[in-house]
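Per my numbering, the very first residue in the sequence shown carries number 9; after that it's consecutive. Idealized CB from N, CA, C, for every residue including glycine. Here the structure is a predicted model, which means the values were calculated and not measured. Read the structure below first, then the notes.
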Amino acid sequence: MDVEFGSLLEPLQSYAREIATSHDEISPARQEVLREVAVTIRRHLEADPHADLTFICTHNSRRSHLGQVWAQTAATVYELPAGRLRTFSGGTEVTACNIRTVRALRRAGLSIVEAEPNGGNPRYLVQYAEQEDPLLVFSKVYHQDGNPTSDYIALMCCSDADEKCPVVTGATERCALYYEDPKLADETPQEEAVYDQRCRQIAIEMFFMIACVQEQLG
């Protein structure tokens, strides 16, 4: 399997190498769920020039951003052709990309700068590779301009958003990938450790999922 770490930002490379060798931390049942999502992505890539993934949680503040960032990073690591996999995130409500999410991604080695204060909902540029455009990250509803509005795969990161959206407008496929909310640790001594743990868990799973896509594409 082709794997490329050298194109990532140097501070991110060691983290990504460790993540890519930690797939055995995923339970067999969860691996099967991720493989099924990979099949869905592969079908889109075989039928269309690209596959769009939108990660959705209620507030688009934590888990959905982590999913978007790590899936896009994984597409570079596993050398999917440029532009074929595009990742987005959104919510059922608008809040802000939580600063604790930003800090966890920075600790992992990503470069994140605040591009616009934008009131209480800052816009961040998240850079994971030198030769790739940064991701623009901020809280938004999932169907806001800039996100795909048709023919995309909706990845539901929390049960609350899944229940509140019996229909995800424009999505052709819908997959449940629930994660425990790190918000539960806010303002506690465990806060940083819990955010790092959730960041790492989602990174491992996104790397596994995209590796499965690459393998299926042959």
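Check whether residue i and residue j have beta carbons under 8 Å apart
i	j	result
I64	A162	yes
Y150	T84	no
L185	V11	no
F96	T48	no
S69	S147	yes
L143	L17	no
R115	D204	yes
Q152	G98	yes
T100	T66	yes
C173	S72	no
R94	Q224	no
S15	E138	yes
Residue from the options whose Cα sits closest to the Cα of residue i
i	options	result
V77	V221, L225, F215, A219	F215
Q43	R92, Q222, M217, G226	According to the sequence shown, residue 43 is Arg rather than Gln. When each option's Cα is compared against that of R43, the closest is M217.
A28	Q224, Q209, G226, K148	Q209
V221	E40, S72, L88	L88
I145	S158, G91, P130	What sits at residue 145 in the sequence shown is Val, not Ile. The shortest Cα separation from V145 among S158, G91, P130 belongs to P130.
T81	R206, P174, V134, D153	V134
H278	Y160, A123, C207	Outside the modelled stretch of the chain, which goes from 9 to 226, sits residue 278, for which no answer is possible.
T180	G127, A59, E26	A59
A219	G91, R25, Y86	Y86
S158	D170, T177, D168, R111	T177
A112	F13, E199, G14	E199
R25	S167, G127, F13	F13
L57	R38, A37, E40, G91	Going by the sequence as given, residue 57 is Pro instead of Leu. Residue G91 is the option with its Cα nearest to P57.
G226	A201, N155, I120, E54	E54
D234	P156, N126, G128, I120	With the chain covering 9 to 226 only, the question about residue 234 has no answer from this structure.
A169	N155, G154, D189	D189
C183	R38, S30, D32, N106	R38
S167	Y187, D32, C105	Y187
C5	A79, D32, E122, E40	As shown, the chain starts at 9 and ends at 226. That puts residue 5 outside it, with no answer to give.
First and last residue of the uninterrupted beta strand (DSSP E) at residue i
i	result
I27	Note, I27: premise wrong, no beta strand (DSSP E); alpha helix (DSSP H) at 18-28.
E124	119-124
L53	Looking at the DSSP string, L53 is not in any beta strand (DSSP E); the run it does join, the alpha helix (DSSP H), is 36-55.
T62	59-64
L139	A quick correction: the sequence has Gln, not Leu, at residue 139. Premise fails: Q139 is in no beta strand (DSSP E) and is neither H nor E.
Limits of the alpha helix (DSSP H) - the one that residue i falls within
i	result
F216	199-225
A90	Looking at the DSSP string, A90 is not in any alpha helix (DSSP H), and its letter there is neither H nor E.
A82	71-85
I107	107-116
Proximity test, Cβ basis, 8 Å: residue i and chain B
i	result
E44	Looking at the structure shown, chain B is missing, and only one protein chain is on hand.
Check: residue i C-beta below 7 Å from any heavy atom of the ligand GDP
i	result
Y23	The ligand GDP is absent from the structure shown, which contains no ligand whatsoever.
- Query: Between the region 185-205 and the region 18-33, are three or more C-beta pairs nearer than 8 Å?
  - Reply: no
- Message: Threshold first: 4 residues or longer. Then list the alpha helix (DSSP H) segments lying entirely within the region 146-187, N to C.
- Response: 167-172
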